[in-house]
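As structure tokens, the structure follows; a few thoughts come after it.
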Amino acid sequence: MTQSEPAAMPTSVAETLALLNAGDYVADEALATVLFLAMRLGRPLLLEGEAGVGKTEIAKVLAKALGRRLIRLQCYEGLDQAQALYDWNYARQMLEIRLAEAAGEADGAGARERLSADLFSERFLLRRPLLDAITPDPAGPPVLLIDEIDRADEPFEAFLLELLADFQVTIPEIGTIRAETPPIVIVTSNRTREIHDALKRRCLYRWIDFPNEAREIAIVRRKTPAVAEAMAAQIVGFVQRLRSEDLFKAPGVAETLDWANALVQLDAVDLNPGLIDGSMGVLLKYQDDITRMTGAETARLLAEAQADIQKRASAGARAATA
């Protein structure tokens, strides 16, 4: 991502909220508070919640707003130290050995020891995301996003403990490398499995739930300005009703925004059952859910959502005339 000029760290919860708002992230005060504390105390922040509620986006917004590099480590099953922390440039090491042999610089015990020491120096070190994150940066400590930690194996969590506790890593051939200033660390989890207590103790914690209706409307209006306010209310009202059903995978905020953008492309100005059925694959990603929630169910949910909108409008009108 393109970096902007480095910005000062927020000095209060209000400034943190304003920082997120400037990055088009609609947050509540509780989230801004724990984020401010994580940055102020130099502690990692573990964000858990359903997929698509905006956990990853927080790291992206922070990096852009603060003018810092975003370093992302996408976790997956089988992720190991060589892929996450560092590796040696074996091809370049072999070339160096061949060149030394050709020049006669590898003869004798002393020469071999010097060559061995040189081969395992920083010149041949390949910095992966975690090591890169604790390397000094003129723009300031980067934002390190350790995304979907629950997808990695449990041994990888144990490997992370030294880094998250002391922001240092130990490379046997070189020694211990410490961060001069800790990076801003955001760890996310979709809670497909429980994260170990040892990792949680090193982090501040926040569960990010689906937003309420008013906040989700604000998100849609902010992210998709082409959607009119009345249409945004219909979109969010339907999605909120859809989430209350017993689905294999409820749509997240990301799906709401995708659907809003899709409806703009369809030139839709009002929701109807046929339009919803035709675009349901934007919201739901499992065929069993789509089959169950189309047809009569679509009409029912839309009618309920529209009735809620009418009730709120009537209540607002009464309050205005009281």
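Under my numbering, the first residue of the sequence shown carries the number 1194, and numbering increases by one thereafter.
Glycine included, C-beta positions come from ideal geometry on N, C-alpha and C.
These numbers were taken from a predicted model, which means no experiment stands behind them.
Checklist entry - Between the stretch 1389-1405 and the stretch 1235-1245, do three or more beta carbon pairs fall short of 8 Å? => result The stretch 1389-1405 is in contact with the stretch 1235-1245.
Checklist entry - Cβ of Glu1222 within 8 Å of Cβ of Leu1210? => result Translated into the one-based positions of the sequence shown, residue 1222 becomes position 29. Translated into the one-based positions of the sequence shown, residue 1210 becomes position 17. Yes, the pair counts as a contact, with Cβ atoms nearer than the cut-off.
Checklist entry - What whole-angstrom Cβ distance do Val1227 and Leu1397 have, given they're in contact under 8 Å? => result Stepping through the sequence shown from its first residue, residue 1227 is reached at position 34. Stepping through the sequence shown from its first residue, residue 1397 is reached at position 204. Contact between Val1227 and Leu1397 is confirmed by a C-beta separation of about 6 Å, below the 8 Å threshold.
Item to check | DSSP three-state assignment for Val1484, whether helix, strand or coil | outcome: Position 291 of the sequence shown, counting from 1, holds the residue named residue 1484. Checking the sequence shown, residue 1484 turns out to be Thr, not Val. In the structure shown, Thr1484 sits in a helix (DSSP, three-state: H, G or I).
Checklist entry - Does the Cβ-Cβ distance between Ala1326 and Pro1376 come in under 8 Å? => result Translated into positions along the sequence shown, residue 1326 becomes position 133. Translated into positions along the sequence shown, residue 1376 becomes position 183. It is a contact, given that the beta carbons lie within the stated cut-off.
Next on the checklist: Residues in the same chain with beta-carbon distance under 6 Å from Gly1488, minus the five sequence neighbours each way, listed in chain order, please.
Outcome noted: Sequence index remark: in the sequence shown, residue 1488 carries index 295 (1-based). Close CB contacts of Gly1488 within its chain, under the 6 Å cut and outside five residues either way in sequence, are absent.
Checklist entry - Where does Ile1367 sit, in a helix, a strand or coil, going by DSSP? => result For this step, residue 1367 is matched to residue 174 along the sequence shown. DSSP places Ile1367 in coil when its eight states are reduced to three.
Next on the checklist: Once the 5 residues before and after Pro1466 are set aside, which same chain residues still bring their CB inside 7 Å of it?
Outcome noted: Translated into positions along the sequence shown, residue 1466 becomes position 273. Result list for Pro1466: Thr1491, Ala1492 and Leu1495, in chain order.
Item to check | Closest by C-alpha distance to Gly1247, when choosing among Ile1370, Ala1332, Thr1381 and Gly1260 | outcome: Counting from one through the sequence shown, the residue named residue 1247 turns up at place 54. The candidate whose alpha carbon is nearest that of Gly1247 is Thr1381.
Item to check | Cα-Cα separation between Leu1224 and Ser1314, rounded to whole angstroms | outcome: Reading the sequence shown from its first residue, position 31 is the one you call residue 1224. Reading the sequence shown from its first residue, position 121 is the one you call residue 1314. When only Cα atoms are considered, Leu1224 and Ser1314 end up about 42 Å apart.
Checklist entry - Could you give the distance in angstroms between the alpha-carbon of Leu1272 and the alpha-carbon of Arg1320? => result As a first step, residue 1272 is located in the sequence shown; it is residue number 79 there, counting from the start. As a first step, residue 1320 is located in the sequence shown; it is residue number 127 there, counting from the start. The alpha-carbon atoms of Leu1272 and Arg1320 are separated by roughly 15 Å.
Checklist entry - For Glu1241, which beta-bridge partners are listed by DSSP? => result On the sequence shown, residue 1241 is found 48 positions in, with the first residue counted as 1. For Glu1241, which the question treats as bridged, DSSP gives the partners Ser1382 and Trp1400.
Next on the checklist: Tell me which residue opens and which closes the alpha helix (DSSP H) that Tyr1279 is part of.
Outcome noted: Within the sequence shown, numbered from 1, the residue matching residue 1279 stands at position 86. Per DSSP, Tyr1279 lies in no alpha helix (DSSP H) segment; the continuous beta strand (DSSP E) that holds it begins and ends at Tyr1279 to Trp1281.
Checklist entry - Using DSSP with H/G/I as helix, E/B as strand and the rest coil, what is Arg1320? => result By 1-based counting over the sequence shown, the position of residue 1320 is 127. If DSSP states are grouped into helix, strand and coil, Arg1320 belongs with the strands.
Next on the checklist: Can you give me the C-alpha to C-alpha distance between Asp1359 and Gln1276, rounded to a whole angstrom?
Outcome noted: In the sequence shown, the residue the question calls residue 1359 occupies position 166. In the sequence shown, the residue the question calls residue 1276 occupies position 83. If I take the Cα positions, the gap works out to 21 Å.
Item to check | Residue span of the alpha helix (DSSP H) that contains Asp1470, given as start and end | outcome: The residue given as residue 1470 occupies position 277 in the sequence shown. It spans Pro1466 to Gly1471 - the alpha helix (DSSP H) in which Asp1470 sits, taken as one unbroken run.
Checklist entry - Is it the case that the Cβ atoms of Leu1354 and Leu1392 are separated by a distance below 8 Å? => result Counted from its first residue, the sequence shown places residue 1354 at position 161. Counted from its first residue, the sequence shown places residue 1392 at position 199. Taking 8 Å as the Cβ cut-off, Leu1354 and Leu1392 qualify as a contacting pair.
Checklist entry - Secondary structure at Leu1228, three-state DSSP: helix, strand or coil? => result Residue 1228 sits at position 35 when you count from the first residue of the sequence shown. Here Leu1228 sits in helix by DSSP.
Checklist entry - Where Tyr1479 and Leu1450 are concerned, what is the direct C-alpha to C-alpha distance, given to the nearest angstrom? => result Numbered from its first residue, the sequence shown carries residue 1479 at position 286. Numbered from its first residue, the sequence shown carries residue 1450 at position 257. If you draw a straight line from the Cα of Tyr1479 to the Cα of Leu1450, it is about 18 Å long.
Item to check | Nearest-angstrom Cα separation, counted from Met1486 out to Ala1513 | outcome: Taking the first residue of the sequence shown as 1, we reach residue 1513 at position 320. Taking the first residue of the sequence shown as 1, we reach residue 1486 at position 293. Cα-Cα distance, rounded: 37 Å.
Next on the checklist: Please give me, in chain order, every unbroken run of the beta strand (DSSP E) with length at least 3 that falls completely inside the stretch 1320-1347.
Outcome noted: DSSP runs (the beta strand (DSSP E)) wholly in the stretch 1320-1347: 1336-1340.
Next on the checklist: Please classify Asp1481 as buried or exposed, where buried requires at least 16 neighbouring CB atoms within 10 angstroms.
Outcome noted: Numbered from its first residue, the sequence shown carries residue 1481 at position 288. It counts as exposed.
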